[in-house]
Structures are given as structure tokens and as C-alpha cells.
Amino acid sequence: MELEITQNGMNGEGVAKINGKVYFVHGAVMGDRVTAKVIKENKNFCIAEINEILKFSCFRSVPKCKYFGICGGCNLQHIEYKKQLQIKTQNVQNLFDKNKLNFKINNCIESKNIFNYRNKLTLYLSKNNKLSFYQKNTKTLIEIDNCCLVDEIFNNLIHKINLFLSNNKEYNCFVLKGMAIRKIENNFIINLILNKKIILTKFEQFLKLNKINYSLYYCVNNRSNLPTYPCNFVGGAKEVYIEEFGIKYLLKPMSFLQVNNDIKYQIYKQIISIVKQFNNVLDAYSGAGLLSAVMAKNCKNVFAVELDESAHEACLDLCKVNKIKNLQAICGDCANEIPKLLNDNSMECIVLDPARKGCDEKVLSAILSALPKQIVYLSCNPATLTRDLKVLCESGHYELLYVQPYDMFPQTSEVETLVVLKQTNK
Ligand SMILES: C[S@@+](CC[C@H](N)C(=O)[O-])C[C@H]1O[C@@H](n2cnc3c(N)ncnc32)[C@H](O)[C@@H]1O
Numbered sequence: 006m007e008l009e010i011t012q013n014g015m016n017g018e019g020v021a022k023i024n025g026k027v028y029f030v031h032g033a034v035m036g037d038r039v040t041a042k043v044i045k046e047n048k049n050f051c052i053a054e055i056n057e058i059l060k061f062s063c064f065r066s067v068p069k070c071k072y073f074g075i076c077g078g079c080n081l082q083h084i085e086y087k088k089q090l091q092i093k094t095q096n097v098q099n100l101f102d103k104n105k106l107n108f109k110i111n112n113c114i115e116s117k118n119i120f121n122y123r124n125k126l127t128l129y130l131s132k133n134n135k136l137s138f139y140q141k142n143t144k145t146l147i148e149i150d151n152c153c154l155v156d157e158i159f160n161n162l163i164h165k166i167n168l169f170l171s172n173n174k175e176y177n178c179f180v181l182k183g184m185a186i187r188k189i190e191n192n193f194i195i196n197l198i199l200n201k202k203i204i205l206t207k208f209e210q211f212l213k214l215n216k217i218n219y220s221l222y223y224c225v226n227n228r229s230n231l232p233t234y235p236c237n238f239v240g241g242a243k244e245v246y247i248e249e250f251g252i253k254y255l256l257k258p259m260s261f262l263q264v265n266n267d268i269k270y271q272i273y274k275q276i277i278s279i280v281k282q283f284n285n286v287l288d289a290y291s292g293a294g295l296l297s298a299v300m301a302k303n304c305k306n307v308f309a310v311e312l313d314e315s316a317h318e319a320c321l322d323l324c325k326v327n328k329i330k331n332l333q334a335i336c337g338d339c340a341n342e343i344p345k346l347l348n349d350n351s352m353e354c355i356v357l358d359p360a361r362k363g364c365d366e367k368v369l370s371a372i373l374s375a376l377p378k379q380i381v382y383l384s385c386n387p388a389t390l391t392r393d394l395k396v397l398c399e400s401g402h403y404e405l406l407y408v409q410p411y412d413m414f415p416q417t418s419e420v421e422t423l424v425v426l427k428q429t430n431k
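The numbering used here applies: residue 6 is where the sequence shown begins, and numbers increase by one.
This is the structure:
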């Protein structure tokens with residue numbers, strides 16, 4: 006069948022419509038005309054595969070990565086960057102419209118680096134002992150030598166680890182499941198994810214011989230899915246401190262850190278400009294506390310709630326090292342802690358930055374009881390973001406003031422969105 010592709014959807018797929026039926030076409034770009042074969046048919050939509058491209062869209066660009074189309078991570082790499090930004094803006098707007106959040110959102114802000122921007126990768130070991138990514142939504146491992154989302158020094162390390170693994174077969178996928186590598190300045194924090202505990206002397210020697218600035222950790226995790234803590238220190242720099250926004254902070258192997266430094270900087274600056282008018286700010290899902298600390302420099306009191314113990318400890322350390330007295334870090338589940346903290350109605354503003362699944366219902370209902378003046382919501386998942394915003398706006402107590410998507414993840418269909426809500430005067 007012949008299809009005219011008119012947009013690209015939430016997962017990067019081309020979208021066409023015929024007689025009210027929607028066709029999602031993997032690898033197609035808006036502006037393409039293709040012949041396609043339906044591989045799955047539902048009542049209202051079909052999944053189709055391209056047979057032939059009859060007309061190439063003018064928005065197509067040549068993918069830089071040799072794994073494009075196989076790995077599935079960079080599902081927009083075949084689309085020129087300006088168009089990627091428009092697609093993200095449109096997709097977020099569509100979700101707002103679908104949820105009847107009647108608001109015109111801003112255009113997606115571009116990233117300074119559109120490749121080489123990531124500071125962290127999680128890689129797995131294939132049966133051939135090579136570092137690999139999981140192909141999106143499958144259990145298939147794609148072996149890689151490099152990734153164009155990280156920089157040259159990072160790729161050099163990937164190359165060297167692959168060499169090491171090919172010569173040291175005792176580090177195989179039955180023992181070593183994978184590793185999370187984070188590069189900050191020129192330091193690498195490497196967390197080896199093991200199926201069972203082993204001696205890691207050889208791996209550490211390899212890092213030393215190659216003059217890598219490393220902190221080496223391991224965790225034993227024999228569940229099928231990662232994440233990966235508790236982490237155990239093996240060797241190298243025990244404490245890696247870095248300084249941003251005038252705050253010195255300790256990097257822990259697995260505590261959350263935004264992956265794109267440029268966009269993180271832009272978002273944090275914007276959040277500060279919003280919250281600095283308030284005395285008491287509650288930072289929910291606060292991670293290792295960098296944003297909380299920057300807010301504490303600009304507000305009277307900040308309360309930071311985080312579930313992960315190691316991130317919470319990093320936040321306590323940050324307060325000590327930077328002599329910050331007006332930031333109170335609380336370790337716990339936001340679902341339990343936020344209702345308590347909002348109880349006396351003293352919080353004027355709450356900052357929400359939850360993981361992909363969005364806010365717990367108890368957090369939203371606590372907000373709707375206490376009614377802080379403003380809500381700042383940062384989200385990496387527009388679907389759960391709009392779900393939560395709908396609850397807040399439909400209560401009649403809040404209205405949207407500002408919606409700004411940011412391109413935290415160029416070449417992929419992922420998008421970060423910053424939203425500000427203010428209390429209505431009802
Ligand atoms: C997207 S990160 C935000 C981190 C921080 N705002 C930043 O910019 O670095 C989400 C954080 O929420 C934490 N988290 C997840 N579920 C939570 C819960 N139920 N209660 C508290 N924190 C939670 C995660 O450990 C993670 O650090």
C-alpha cells in the first residue's frame with residue numbers, strides 16, 4: 006500500500022492516515038511517500054514496514070552512526086536537527102491538546118552539542134564478550150565499538166575495555182553482566198554489574214595501565230533488569246568532587262545526574278529565576294541535591310526529598326562541604342514525606358522532578374490540599390507529565406503559566422519539559 010507520511014510520532018516513527026486509520030511506519034520521515042507492508046493490525050491503527058521509499062522527504066539527513074536502525078537508541082538520527090526539534094515540540098503540544106490542557110507551549114530549546122553530549126552510558130556484555138546496548142524494546146544485544154552520543158575520550162575507553170574483554174575471558178557475560186560508566190570532566194566512574202562477586206584486580210590493573218582517571222565500583226545484581234545498587238568501592242579515586250554553579254559536590258556512582266550538561270545548566274538557571282521569589286521551597290525527587298543547593302543559595306529555606314540513600318548522603322555531604330545551612334535533606338518516599346512537609350501550609354513553591362513514571366497520586370493530592378502558590382514540574386516523560394498536569398488543572402486550583410520543552414536527548418525522540426503552574430485566584 007502507498008502511504009504519505011505526515012508527521013513523526015512519540016517514538017520517532019512516521020505517521021500516515023487513510024480513512025481515519027493511523028499507520029505507524031518505522032524509519033519513515035514526514036514528507037516521505039512510501040510503499041509499506043502492514044505487520045500488525047488493530048482496530049484503529051496499524052504498524053507498517055517500509056517496502057520502498059517513492060519520494061524522499063527533504064527533512065531526511067544521513068545518519069552518522071553505523072549502528073543506526075539496528076541499535077534503536079537514536080531513532081531520529083535520519084532527520085535533520087531543526088526538524089527533530091519541531092517534531093518534539095509538536096508531540097508535546099499534541100499530548101497537551103489530547104489531555105485538554107488548553108495551552109500553547111514554547112518551541113523546544115536546542116542543545117549546544119547534538120552529538121557527544123551524554124555523560125553516562127550503561128552497557129551490557131554479549132555472549133562474545135563485547136560491550137553492547139539492548140536494542141530498543143527487545144532482549145537482543147547489539148555489540149558496539151563506539152557511540153556517537155559520547156565524546157572521543159569516552160569512546161576510547163569503550164574500545165580499550167572491549168580489547169581487555171576479548172583477552173580476558175574470565176570476565177564473561179555469566180559473571181559480568183554489564184557496566185554503567187559516567188564521565189565527568191576527565192574522570193570515569195565505572196560501576197561493574199556482576200552476577201556474582203569476583204576478584205576485580207585484573208580489571209583495575211587494566212585501568213591503571215591505561216592511565217585512566219577512575220573510580221571503580223561493583224554491585225551484584227542477578228535480577229534481569231538493572232538498576233544497580235548498592236555499590237561497593239573497589240579502587241581509584243574514592244571521592245570525586247566537581248564544582249558547578251559555585252557548588253562543590255561529590256559524585257556517587259549511581260545517583261541521578263542529568264545526562265546533558267549544557268541543557269541541565271539552562272534548565273537549572275531557568276528554575277532558579279522562577280523560585281528565587283519564594284522563601285520556602287520544597288524540592289521533591291531531588292536526586293543528589295545539586296539543584297536543591299543552587300535553590301538554597303537563592304531562597305530562604307529548601308527541603309529536598311529523595312528515596313535513594315546514596316543520593317541523599319551525597320546531598321548531606323554537599324551541605325557540609327559548601328556550608329549550606331538552609332537546605333534540609335530528607336531521605337524517604339515522596340508519597341509519604343511530601344504530605345507531612347506540606348501539612349502546615351508554609352511551602353510557597355514545590356519543585357517536582359520525578360522519574361519517568363511521574364508523581365505518586367498521594368503527592369498530587371497533598372499538593373491539592375496544601376495549595377502552594379506555584380508548582381515547577383520538570384519531566385522526562387510528556388505522557389506522565391500531562392497525566393499529572395490534568396489532575397492539577399482539572400481541580401480548578403492551578404493554571405498553566407509556562408511550558409518549555411528542552412532537547413536534553415538529541416537524535417532520540419526523548420524530550421525534557423519544564424512546566425510552571427500558578428494557583429488560580431478562585
Ligand atoms: C529525574 S531524577 C531528579 C533528580 C534531580 N532533580 C536532578 O536534577 O538531579 C528523579 C529522582 O527521584 C528519585 N525517586 C524516585 N522515586 C522516588 C520516590 N518515590 N520518592 C522520592 N524520590 C524518588 C530517584 O532516585 C531520582 O534521584
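Virtual Cβ for every residue (Gly too), placed ideally from N, Cα, C.
Computed from a prediction, not measured in an experiment: that's the story for all the values here.
Rounded separation between residue i and residue j - CA only
i, j, result
"Glu314", "Met352", "24 Å"
"Leu287", "Cys385", "20 Å"
"Leu357", "Thr429", "19 Å"
"Phe73", "Gln91", "21 Å"
"Leu197", "Asn226", "10 Å"
"Met1", "Lys93", "Only positions 6 to 431 of the chain appear in the structure, and residue 1 is not among them; the question remains open."
"Cys354", "Val67", "45 Å"
"Asn111", "Ile158", "35 Å"
"Gln95", "Cys79", "19 Å"
"Met15", "Leu390", "14 Å"
"Asp322", "Gly292", "13 Å"
"Leu332", "Gln12", "46 Å"
"Ala41", "Gln379", "48 Å"
"Ile372", "Pro344", "8 Å"
"Gly183", "Asn265", "22 Å"
"Ser278", "Val425", "12 Å"
"Leu205", "Phe138", "23 Å"
"Asn218", "Leu128", "19 Å"
"Arg361", "Leu262", "14 Å"
"Cys336", "Leu405", "30 Å"
Neighbourhood of residue i by C-beta, 6 Å cutoff - its chain only, sequence neighbours within 5 removed
i, result
"Lys1", "Lying before the first or after the last residue shown, residue 1 is absent from the chain, which here runs from 6 to 431."
"Ile114", "Tyr411"
"Pro258", "Ile194, Asn196, Tyr222, Cys236"
"Leu154", "Arg123"
"Gln416", "Cys79, Leu81, Gln82"
"Leu312", "Asp338"
"Ile52", "Phe29, Ile44, Lys45"
"Ser220", "Ile194, Gly241, Ala242, Val245"
"Arg38", "Glu9, Leu59, Lys60"
Chain-order list of residues whose beta-carbon lies under 7 Å from that of residue i (same chain, five-residue window excluded)
i, result
"Asn173", "Lys207"
"Phe179", "Asn200"
"Lys135", "Glu148, Asn167, Leu170"
"Val5", "Because residue 5 is not part of the residues shown, which for the chain are 6 to 431, the question remains open."
"Glu190", "Ile247"
"Lys202", "Val225"
Local conformation of residue i per DSSP, three classes
i, result
"Tyr223", "strand"
"Met35", "coil"
"Ser418", "coil"
"Asp313", "coil"
"Ser370", "helix"
"Leu353", "According to the sequence provided, residue 353 is Glu. The question's Leu does not apply to it. The answer is coil: DSSP assigns Glu353 none of H, G, I, E or B."
"Val43", "strand"
"Val155", "coil"
"Phe193", "strand"
"Thr206", "helix"
"Asn167", "helix"
"Leu1", "Because residue 1 is not part of the residues shown, which for the chain are 6 to 431, the question remains open."
"Glu175", "coil"
"Met6", "coil"
"Cys63", "coil"
"Tyr270", "helix"
Contacting residues, own chain, Cβ-Cβ under 8 Å from residue i (five flanking each side not counted)
i, result
"Gln271", "Ile114, Tyr411"
"Phe64", "Val34, Met35, Gly36, Ile84, Glu85, Lys88"
"Lys395", "Asn104, Lys105, Leu106"
"Asn133", "Glu148"
"His402", "Leu373, Leu376, Gln428, Thr429, Lys431"
"Leu347", "Leu287, Ile355, Ala371, Ile372, Ser374, Ala375, Pro377"
Pick from the options that is closest to residue i, judged by C-alpha positions
i, options, result
"Lys328", "Pro344, Ala298, Ile355, Ile335", "Ala298"
"Thr422", "Cys398, Val381, Glu404", "Val381"
"Gly251", "Ala301, Glu404, Val239, Gly19", "Ala301"
"Asn160", "Leu126, Leu181, Glu175", "Leu126"
"Gln18", "Glu54, Cys224, Ile268, Phe101", "The sequence shown places Glu at residue 18, not Gln. For the residues Glu54, Cys224, Ile268, Phe101, the minimum Cα distance to Glu18 belongs to Glu54."
"His164", "Leu212, Phe238, Asp267", "Leu212"
"Lys71", "Ile335, Leu406, Asn151", "Asn151"
"Leu256", "Leu146, Phe101, Asn99, His317", "His317"
"Asp365", "Asn341, Asn350, Asp349, Leu383", "Asn341"
TODO: At 3 residues or longer, and completely inside the segment 72-116: list those beta strand (DSSP E) runs for me, N to C.
DONE: Fully enclosed beta strand (DSSP E) runs of 3 or longer: not present.
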